[in-house]
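Before any comments, here is the structure.
Numbering (the numbering used here), first residue to last: 7 to 224.
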């Protein structure tokens, strides 16, 4: 296991513990221990399959299962934080529709032993949309700037992460077919690097929520 992966697991664990510590801050943030707990379990399973069992492709099956779960949890978070009724309805309908679409992609277009880039990009497109709407919908809180609100950091983290990985996900399988070593290096640089940013953003959001727990949030 590389030092980058160890640091990634450590950062993910810190993010999970911080989300548990801030459990009572705001009802919408209570989804994050489930999201981050699932993420940590997923990464441990992937590492065990890749480094211990030497399953160099089969570990992608875990990501095919994880991505719809991740989308459903984050969609619910945005559902709780966006007050527009029409947008909330769209978010609610998007969850079963995305689940169906992701299953179809995994069956017909992206083999479960391959990186689920299309599945990821589809969820990313939806999450980018909800993130932008959430950022535009932030209500000011007395004595706090918008950048001090949890929803700001979570939406920015999700927006930057999915925007950054979008084109790489589309090209990953082609790069891997031409040069597997280069694909692995780019994966570490781009995907892991943006994951670091995402989890740092989550940690900042949880700490902001702790400071603001005496106020009406979001």
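In this text, a Cβ means the ideal position worked out from N, Cα and C, and glycines have one as well.
**Q.** Unbroken alpha helix (DSSP H) run spanning residue 70, endpoints
**A.** As a position in the chain shown, residue 70 is number 64, starting the count at 1. Its alpha helix (DSSP H) spans residues 66-87.
Q. What residues match up with residue 150 in a beta bridge as DSSP calls it?
A. If you number the chain shown from 1, residue 150 lands on position 144. BP columns for residue 150 point to 147.
Q) Measuring CA to CA, which of 109, 34, 120, 14 is closest to residue 45? A) Looking up residue 45 in the chain shown gives position 39. Closest option to residue 45, Cα to Cα, is 14.
Q) For residue 44, does the three-state DSSP call read helix, strand or coil? A) Counted from its first residue, the chain shown places residue 44 at position 38. Correct three-state label for residue 44: helix.
Q: Compute the distance between the beta-carbons of residue 114 and residue 97, then report whether it is under 8 Å.
A: Within the chain shown, numbered from 1, the residue matching residue 114 stands at position 108. Within the chain shown, numbered from 1, the residue matching residue 97 stands at position 91. Result no, Cβ atoms of residue 114 and residue 97 do not sit closer than 8 Å.
Q: Buried or exposed for residue 110, please, with buried defined as at least 16 other CB atoms from any protein chain shown within 10 angstroms of its CB.
A: Residue mapping note: residue 110 aligns to position 104 of the chain shown, counting from 1. Classification for residue 110: exposed.
Q. Apart from the five residues on each side of it in sequence, which residues of its chain come closer than 7 Å, Cβ to Cβ, to residue 21?
A. If you number the chain shown from 1, residue 21 lands on position 15. So the list reads 42, 205, 208, 209, once near-sequence residues are dropped.
Q) DSSP state of residue 122, grouped into three classes? A) Along the chain shown, read from residue 1 onward, the residue named residue 122 stands at position 116. Looking at residue 122 - three-state DSSP - the assignment turns out to be coil, as it is neither helix nor strand.
Q. Could you give the distance in angstroms between the alpha-carbon of residue 83 and the alpha-carbon of residue 156?
A. As a working mapping, residue 83 is identified with position 77 in the chain shown. As a working mapping, residue 156 is identified with position 150 in the chain shown. Rounded to whole angstroms, residue 83 to residue 156 spans 12 Å at the Cα level.
(Q) Give me the residue from 164, 12, 68, 79 with the minimum Cα distance to residue 238. (A) Residue coverage of the chain in this structure runs from 7 to 224, which leaves residue 238 outside it and unanswerable.
Q: Could you check what DSSP says for residue 12 in three-state terms: helix, strand or coil?
A: Here residue 12 corresponds to residue number 6 of the chain shown, with the count starting at 1. Residue 12: helix per DSSP, three-state reduction.
**Q.** Span separating the alpha-carbon of residue 174 from that of residue 130
**A.** One-based indexing of the chain shown puts residue 174 at position 168. One-based indexing of the chain shown puts residue 130 at position 124. Answer to the nearest angstrom: the Cα atoms are 12 Å apart.
Q: Starting from the Cα of residue 165, find the closest Cα among 102, 142, 193 and give me that residue.
A: Here residue 165 refers to the residue found at position 159 of the chain shown. Cα-wise, what sits closest to residue 165 is 142.
(Q) Tell me which residues share the same chain as residue 159 and place their Cβ nearer than 6 Å to its Cβ, disregarding the 5 neighbours each side in the sequence. (A) Taking the first residue of the chain shown as 1, we reach residue 159 at position 153. So the list reads 207, 210, 211, once near-sequence residues are dropped.
Q. Which value, in whole angstroms, describes the spacing of the CA atoms of residue 76 and residue 87?
A. Taking the first residue of the chain shown as 1, we reach residue 76 at position 70. Taking the first residue of the chain shown as 1, we reach residue 87 at position 81. If you take the alpha carbons of residue 76 and residue 87, they lie about 17 Å apart.
Q. How long is the line joining the alpha carbons of residue 199 and residue 192, rounded to whole angstroms?
A. Locating residue 199 in the chain shown gives position 193, where the first residue counts as 1. Locating residue 192 in the chain shown gives position 186, where the first residue counts as 1. For residue 199 and residue 192, the distance between alpha carbons rounds to 10 Å.
Q | Best match in 100, 151, 170 for proximity to residue 136 [C-alpha to C-alpha] | A | Stepping through the chain shown from its first residue, residue 136 is reached at position 130. Comparing Cα positions, the closest option is 100.
Q: For residue 162, count neighbouring Cβ atoms within 10 angstroms of its own Cβ and tell me buried if that reaches 16, exposed if not.
A: By one-based count along the chain shown, residue 162 stands at place 156. So residue 162 ends up on the buried side.
**Q.** Neighbourhood of residue 29 by C-beta distance below 8 Å, restricted to the same chain and skipping five residues each side
**A.** Counted from its first residue, the chain shown places residue 29 at position 23. Answer for residue 29: 35, 36, 39, listed in chain order.
Q) From residue 74 to residue 93, what does the alpha carbon distance come to, in whole angstroms? A) Your numbering for residue 74 matches position 68 in the chain shown. Your numbering for residue 93 matches position 87 in the chain shown. Computed Cα separation, rounded: 20 Å.
Q. For residue 81, which option in 51, 102, 172, 59 has the closest C-alpha, if you only look at C-alpha atoms?
A. The sequence position of residue 81 within the chain shown is 75, counting from 1. Out of 51, 102, 172, 59, 102 has the C-alpha closest to the C-alpha of residue 81.
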